[in-house]
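See structure below.
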Amino acid sequence: MIAWTLKTFLGLGLGLLSFAGLIVNLLVVIPVFRLAFIQNKSPIYVISFINIATDIVNVLMATFYLAPSIIFETYFFTEDKTGTIPKLMGSTFMFCWYLGSMTQIVMAVNRLIVIYFRRSDLFNRKNICKIFCILIPLSFFLMYMAQYGTPCCFFVFDHVVLSYSYYQIEGLDNYPNMFIDLPLNTATSTIATFCYALIVWTVRESTKGIAASLTTQHMRRSRKNREVTYAMQFCFISMFYTFSWITFRVFPIAIGNRGLEWFVCISAGVTINSSANALVYLISNQEATSSY
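Residue numbers (this note's numbering): 3 to 294.
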């Protein structure tokens with residue numbers, strides 16, 4: 003029988019939020035797949051499809067494992083977080099997180115090259131597919147090294163902190179965090195911030211000039227506005243990405259064990275991050291909504 007505590011309600015709220023995120027992602031993934039691989043629209047849809055695919059996996063795990071484990075205060079089928087299920091969930095999450103992180107970098111650099119350098123040919127469909135043929139196995143390798151290749155400390159789904167945690171072994175350094183997680187997270191947010199800041203500056207500067215031909219000006223602006231819209235969409239996603247990994251690191255230091263209920267903000271932030279891309283497509287991308 004469920005004991006209705008604050009933790010129970012927070013778990014229920016996380017479950018509802020994650021389920022809503024799952025629905026939003028499922029509504030968008032098929033139209034984006036069509037735009038990317040059937041209608042052969044902008045190569046940016048290939049990047050978005052990879053991102054949405056990893057998002058779906060994350061919200062699935064949050065909806066059907068993390069939220070129920072918080073509600074029932076159990077790891078399911080195991081007594082503690084060192085069991086197979088929590089570690090398997092953590093490994094799957096880390097693969098998606100690593101791939102999603104590197105996808106964020108690809109998105110930001112893509113927008114920078116297209117808008118700032120005006121070179122759309124570098125990120126054509128063929129080159130993007132080649133990039134992900136490298137990034138997907140690289141993400142799996144990083145996940146394996148982080149979860150199984152070091153003596154400490156693997157990442158798990160942890161209902162005690164209403165989100166995620168490392169299984170820390172006393173006396174051993176957290177090598178996955180030191181050499182993989184923190185450098186990758188920091189690099190991703192830094193590169194994204196630099197790229198989007200330069201894009202904003204470029205757009206502001208471009209509004210000062212006047213094209214010779216009104217027709218040419220209109221066509222140029224129309225295309226550029228579309229590219230800028232994509233950039234702002236991915237900038238929005240990067241903001242939630244940065245919020246997620248920073249709270250994961252700040253909360254244990256700032257709050258500790260005094261208010262574990264606040265840690266649900268971490269898992270909620272991850273869920274929002276995993277829903278932001280699809281939500282923006284659903285609200286503002288006419289190509290995606292019209293391809294149903």
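Don't be surprised by glycine CBs; every beta carbon is placed ideally from N, CA and C.
query	result
Alpha carbon to alpha carbon, how far is Phe-236 from Phe-253? Give it in angstroms, no decimals.	26 angstroms
Excluding five sequence neighbours on each side, which residues of the same chain lie with their C-beta closer than 7 angstroms to the C-beta of Ile-49?	Thr-105, Val-108, Met-109, Asn-112, Ile-130
Would Pro-88 and Val-158 be called neighbours here (beta carbons separated by less than 8 angstroms)?	yes
For Lys-132, count neighbouring C-beta atoms within 10 Å of its own C-beta (all shown protein chains included) and say buried if the count is 16 or more, exposed if not.	exposed
Counting only the same chain and skipping the five closest in sequence on each side, list residues whose C-beta sits under 8 angstroms from that of Leu-16.	Ala-64, Leu-68, Ala-69, Ile-72, Leu-164, Val-266, Ser-269, Ala-270, Thr-273
Identify, in the order they occur along the chain, each residue of the same chain with its Cβ nearer than 7 angstroms to the Cβ of Leu-8, setting aside the five sequence neighbours on each side.	Glu-263
So, is Ile-117 buried or exposed, given that buried needs 16 or more other C-beta atoms within 10 angstroms?	buried
Exposed or buried, which one is Gly-258 when buried takes at least 16 other CB atoms within 10 Å?	exposed
Can you give me the Cβ contacts of Asn-27 inside the same chain, cut-off strictly under 7 angstroms, excluding the 5 residues immediately before and after it?	Ile-54, Asp-57, Ile-58, Val-61, Ser-277, Ala-280
Report yes if the CB atom of Leu-24 is closer than 8 angstroms to the CB atom of Ala-290, and no otherwise.	no
Considering only C-alpha positions, which residue in the set Pro-139, Glu-75, Val-34 is nearest to Leu-284?	Val-34
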